[in-house]
Amino acid sequence: MNKGTFEKLKTTFQYEIVEYAYITDNYTRSLYYTIEMLQEHPADAWLITQVGKVLNNCYTAQKAHILGKRVELPSPGFNSGYNLLLQFIQNLYLEEFASISYHYLHQYSSQLNYYAYFKKEYITSSQLIKQ
Amino acid sequence: MIKHLLTVALFLFTSSLYAQSKLSIENVYSAYLRNSGTIMENNQIKGYFFLYQSDKIDKRTNEYTLQIVDENLNKVKDIKFQDSKKISLLEAAYNGNSLSFLFKNEENKTLDMKVYGIDGKLKYTYSREYTKKTEDLMKRYETMHTDEGTNQNVFDLGEKGYASVLPLRDGKTRTYEVDYYSSQSKSYWKYVPTDDEERYAQAEFLGATDSLIILEVMKRNRALSGKVTSHMVGIDITTKKKIFDLDGENDEFVLVPSNVIPLKGTGKILVMGSYFDKGDNVAKDASKGLAIYEIDGKGNVLSKTYNSWGSDFAKYLPTGSKGKLDKVGYLYIHKLIRTANGKIFAVGEGYKRQVSAGGVALTMLVAAGGSYGRTSTTKIVTTDMVIMEFNDKFKVTGATIYDKTNNTAELMLSDFNSQHAIAILLKMTGGFDYEFTTSDADNSTFTICYSDWVRSSDYKGLTFNTLRYNGAKFTKDKIDLKSKASKMTVLPAKAGSVMILEYFKKDKKLESRLEKIG
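Going down the list, the sequences are from chains A and B. Numbering follows this note's numbering, with no gaps: position 72 of the first sequence is 326. Numbering follows this note's numbering, with no gaps: position 355 of the second sequence is 357.
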């Protein structure tokens with residue numbers, strides 16, 4: 255494998271990790287990796303959308319009382335940054351998931367209006383905030 | 003190469019992604035979910051303990067594990083010990099610095115109280131034989147040894163230790179025994195009342211202060227033609243002496259206490275209970291309302307406030323005659339909560355007698371067959387939850403009924419005549435639907451939890467319900483509890499959450515997770 259392919263795979267794998275965490279019902283891991291990647295790629299539309307998607311789904315899961323199956327709890331085995339995120343999630347009330355998601359996505363609404371994946375999550379968050 | 007990389011990456015992330023969202027304990031051969039409980043400090047959840055059979059060593063011996071986890075379900079300590087397969091755990095309690103377990107050992111015919119430190123080390127063992135006198139208690143445990151039962155006889159006394167209140171029977175004499183087990187030093191005492199009139203007495207633990215164990219004692223006074231009288235008894239934890247025995251003989255009304263709250267830093271104790279006209283039979287007659295007394299540590303009554311069903315509660319609740327609330331029935335007070343601003347909330351649950359269609363049909367069948375059976379024609383149902391609010395002068399300022407299904411309580415004695423005795427029986431057998439109340443440190447917000455059996459078009463099964471008070475108003479939430487687990491229970495958790503504990507017998511697996519509410 256040449257260096258170019260290797261670098262390309264490395265980048266792709268990072269997105270795969272975020273998605274894998276999400277589809278295996280580990281919302282907090284997915285959110286943590288997303289935020290970590292956003293620091294390197296702050297304008298990445300997919301990552302921005304993923305933040306909203308995770309928060310929207312936290313709202314839905316808490317409403318169905320299954321959020322406990324989807325998020326991890328703070329543990330001495332985790333690094334401090336991840337524990338901070340986990341504690342933050344623990345402290346949020348139901349309506350705050352929707353509220354944060356909506357206001358976060360709203361600031362990108364004009365520039366990412368072309369992106370269907372973004373539009374879907376943005377509309378969802380605006381509906382959740384009204385519930 | 004790519005395949006290899008993918009495999010490594012996948013392995014790394016699947017292992018790191020193995021969620022800590024729930025705790026799963028394998029090799030659980032047998033578990034009663036009531037053998038688990040919460041570890042609390044200053045009224046806040048700090049962790050949990052689970053005790054279960056973890057292995058079978060040989061024909062006579064089992065291995066048991068006591069697992070301690072923190073408030074986020076991270077394992078802190080597991081203590082394994084081997085003991086006879088003929089031991090069974092009857093009760094468990096936590097008091098801030100130790101965990102206590104009351105075991106029944108059928109081989110030695112002993113009741114063994116084992117006190118463990120939070121580090122998992124066995125601190126003290128207190129052993130006493132069980133005899134014919136404690137037969138009633140053993141029978142009670144036999145019927146209770148299911149997940150429906152709740153801890154009834156071992157109570158924490160703060161950092162000092164534990165108390166147990168046991169019924170005793172010797173011939174026609176029925177009395178009680180209070181045992182004190184220290185968790186600070188190897189120290190134990192036993193209190194058995196010696197008064198003549200306590201030849202027929204039944205005691206219930208109401209609560210404790212730093213220095214007192216407070217009991218509600220119902221005595222049958224033979225000198226007064228078998229009339230039942232209600233007493234509030236305070237026993238000194240250090241000296242074992244009876245400090246007071248309040249019977250309200252000189253009061254305008256008679257109080258039957260049901261809840262106490264020690265008022266921290268004041269030396270005062272708040273007592274709530276039903277009150278009756280003087281001369282009423284407190285076991286059978288209807289109460290006039292709810293009273294709140296303030297007493298000091300010597301048993302001196304400092305203030306008395308009465309809230310009658312007929313006038314005070316009638317402003318907020320549909321009260322009928324004879325101490326009954328229309329539709330709700332009689333009210334049992336489960337919990338008193340005093341908030342930081344001096345308000346008091348009382349959590350009540352209704353119960354009433356209903357005609358049992360099955361019982362009537364069976365009685366008719368038995369009668370048609372020419373014999374007279376002892377089939378009950380009535381049944382006891384628990385009804386709605388009632389939350390009452392009192393101001394800092396202890397007068398009622400509001401009350402709300404929260405609808406719940408009329409759930410049938412499995413009581414053998416539903417034709418029993420005393421509303422008070424029925425309430426005690428319901429409490430003893432876990433017949434009420436009220437589960438627990440969690441709050442933050444100063445009670446400025448709290449959550450009242452109760453279960454309910456729902457039969458609607460959308461859902462049929464057990465639900466777990468919460469009433470969350472945010473300092474201004476209550477909001478309701480409901481969790482459907484349908485699960486593939488063999489057994490399931492919900493335990494208190496940190497503010498705003500509950501812990502769901504499930505036992506999967508086939509997989510020998512105990513799973514727990516925190517679920518946010520409200």
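By construction, the Cβ of each residue, glycine as well, lies at the ideal position given by its N, Cα and C atoms.
Practice item. Let me know the secondary structure DSSP gives HIS386 (chain A) once reduced to three states. Key: A question about residue 386 (chain A) goes unanswered here, because the residues of chain A that appear run from 255 up to 385.
**Study point:** Distance CB(LEU346 (chain A))-CB(PRO328 (chain A)) smaller than 8 angstroms
**Key:** For LEU346 (chain A) and PRO328 (chain A), no; Cβs fall outside 8 angstroms.
**Study point:** Against chain A: residues of the region 437-466 of chain B by CB proximity under 7 angstroms
**Key:** Those residues of the region 437-466 of chain B that come within reach of chain A (Cβ to Cβ, closer than 7 angstroms) do not exist; the list is empty.
Review point. Does DSSP classify ASN311 (chain A) as helix, strand or coil?
Key: DSSP places ASN311 (chain A) in the helix class (H, G or I) of the three-state scheme.
Point to revise | PHE51 (chain B) in three-state terms, based on DSSP | key: Reduced to three states, the DSSP call for PHE51 (chain B) is strand.
Check your understanding: From the beta carbon of ARG470 (chain B), is the nearest beta carbon of chain A less than 8 angstroms away?
Key -> So no, ARG470 (chain B) is outside the interface.
Review point. Is the Cβ of GLU2 (chain B) closer than 8 angstroms to any Cβ of chain A?
Key: A query on residue 2 (chain B) cannot be resolved here, the shown segment of chain B reaching from 3 to 520 and no further.
Point to revise | Length of the line joining the Cα atoms of GLY291 (chain B) and PHE278 (chain B) | key: Take the alpha-carbon of GLY291 (chain B) and the one of PHE278 (chain B): they are about 8 angstroms apart.
Point to revise | Residue of B:ASN99, B:ASP444 and B:ASN97 minimising C-alpha distance to LYS572 (chain B) | key: For residue 572 (chain B) there is no data in the structure shown, the boundaries of chain B being 3 and 520.
Review point. By how many angstroms is the C-alpha of GLN344 (chain A) removed from the C-alpha of ASP72 (chain B)?
Key: Roughly 15 angstroms separates the two Cα atoms.
Exercise for review: Find the nearest neighbour of MET490 (chain B) within the set B:ILE502, B:LYS242 and B:LYS429, judged by alpha-carbon distance.
Suggested key: Minimum Cα distance to MET490 (chain B) is reached at B:ILE502.
Exercise for review: Following the continuous alpha helix (DSSP H) through ARG457 (chain B), name the residue where it begins and the one where it ends.
Suggested key: It is not in any alpha helix (DSSP H) - ARG457 (chain B) instead sits in the beta strand (DSSP E) that spans 448-457.
Exercise for review: Note the first and the last residue of the continuous alpha helix (DSSP H) segment covering LEU338 (chain A).
Suggested key: Annotation for LEU338 (chain A): the continuous alpha helix (DSSP H) segment containing it runs 334-345.
Practice item. Please go through the same chain and pick out, in chain order, the residues whose beta-carbon is closer than 8 angstroms to the beta-carbon of GLY400 (chain B), but skip the five residues on each side of it. Key: Only residues of its own chain outside the window of five on either side were considered, and among them TYR318, MET390 and GLU391 have a CB closer than 8 angstroms to the CB of GLY400 (chain B), listed in chain order.
Review point. Taking MET430 (chain B) as the reference, which of B:TYR132, B:THR447, B:ALA316 and B:ALA205 has the closest Cα?
Key: In terms of CA proximity to MET430 (chain B), B:ALA205 leads the group B:TYR132, B:THR447, B:ALA316 and B:ALA205.
Point to revise | Members of the region 293-321 of chain B that neighbour chain A once the beta carbon cut-off is set at 9 angstroms | key: Result list empty, no residue passes.
Practice item. For chain B, find out if any of its Cβ atoms is closer than 8 angstroms to the Cβ of GLN316 (chain A); answer yes or no. Key: Cβ-Cβ to chain B under 8 angstroms: yes for GLN316 (chain A).
Point to revise | LYS273 (chain A), enclosing alpha helix (DSSP H) - first and last residue | key: According to the sequence provided, residue 273 (chain A) is Glu. The question's Lys does not apply to it. It spans 257-277 - the alpha helix (DSSP H) in which GLU273 (chain A) sits, taken as one unbroken run.
Review point. List, in order along the chain, the chain A residues whose C-beta lies closer than 8 angstroms to that of ILE481 (chain B)?
Key: Those within 8 angstroms of ILE481 (chain B) in chain A are HIS319.
Point to revise | For LYS406 (chain B) and PHE315 (chain B), the rounded distance between their alpha carbons | key: Taking the CA atoms as reference points, PHE315 (chain B) sits about 20 angstroms from LYS406 (chain B).
Point to revise | the region 68-84 of chain B: positions lying closer than 8 angstroms to chain A by Cβ | key: Contact residues of the region 68-84 of chain B toward chain A are ASN74, LEU75 and ASN76 (C-beta to C-beta distance below 8 angstroms).
**Study point:** Distance CB(ALA156 (chain B))-CB(GLU93 (chain B)) smaller than 8 angstroms
**Key:** The question names Ala, yet the displayed sequence has Val at residue 156 (chain B). Result yes, Cβ atoms of VAL156 (chain B) and GLU93 (chain B) sit closer than 8 angstroms.
Exercise for review: Could you list which residues in chain B have their beta carbon closer than 7 angstroms to that of PRO296 (chain A), in chain order?
Suggested key: Per Cβ cutoff of 7 angstroms: no residues; PRO296 (chain A) is ~24 angstroms from chain B at best.
Practice item. Have a look at the DSSP bridge pairing and note the partners of ILE354 (chain A). Key: According to DSSP, ILE354 (chain A) bridges with nothing at all.
Exercise for review: Taking all protein chains shown into account, decide if HIS233 (chain B) is buried (16 or more other Cβ within 10 angstroms of its Cβ) or exposed.
Suggested key: With 16 or more other Cβ atoms within 10 Å, it is buried.
Review point. With a Cβ-Cβ cutoff of 8 angstroms, do ILE481 (chain B) and SER499 (chain B) count as a contact?
Key: Against a cut-off of 8 angstroms, the Cβ pair of SER499 (chain B) and ILE481 (chain B) comes out as no contact.
**Study point:** Coil, strand or helix - ILE297 (chain B) by DSSP
**Key:** Strand at ILE297 (chain B).
Practice item. Could you tell me which uninterrupted beta strand (DSSP E) segments, each at least 3 residues in length, are contained entirely in the region 152-182 of chain B, listed from first to last along the chain? Key: Those beta strand (DSSP E) runs which fall completely within the region 152-182 of chain B and span 3+ residues are 156-158 and 163-172.
Check your understanding: Assuming PHE52 (chain B) and LEU512 (chain B) make a contact with CB atoms under 8 angstroms, what is their CB distance in whole Å?
Key -> PHE52 (chain B) to LEU512 (chain B), Cβ: 6 angstroms. Contact.
Check your understanding: What is the DSSP secondary structure of GLU513 (chain B), reduced to helix, strand or coil?
Key -> Strand, per DSSP.
**Study point:** Closest Cα partner of HIS360 (chain A) within the set A:ILE320, A:ILE383, A:PHE342 and A:TYR281
**Key:** Here the closest residue by C-alpha is A:ILE383.
Point to revise | Pairwise C-alpha distance: TYR353 (chain B) and LYS244 (chain B) | key: About 34 angstroms.
Review point. What is the rounded straight-line gap between the Cα of GLN365 (chain A) and the Cα of LYS373 (chain A)?
Key: Distance between the alpha carbons of GLN365 (chain A) and LYS373 (chain A) is about 11 angstroms.
Check your understanding: Using the beta-carbon count (16 or more within 10 Å), is LYS266 (chain B) buried or exposed?
Key -> Per the 10 Å Cβ criterion, exposed.
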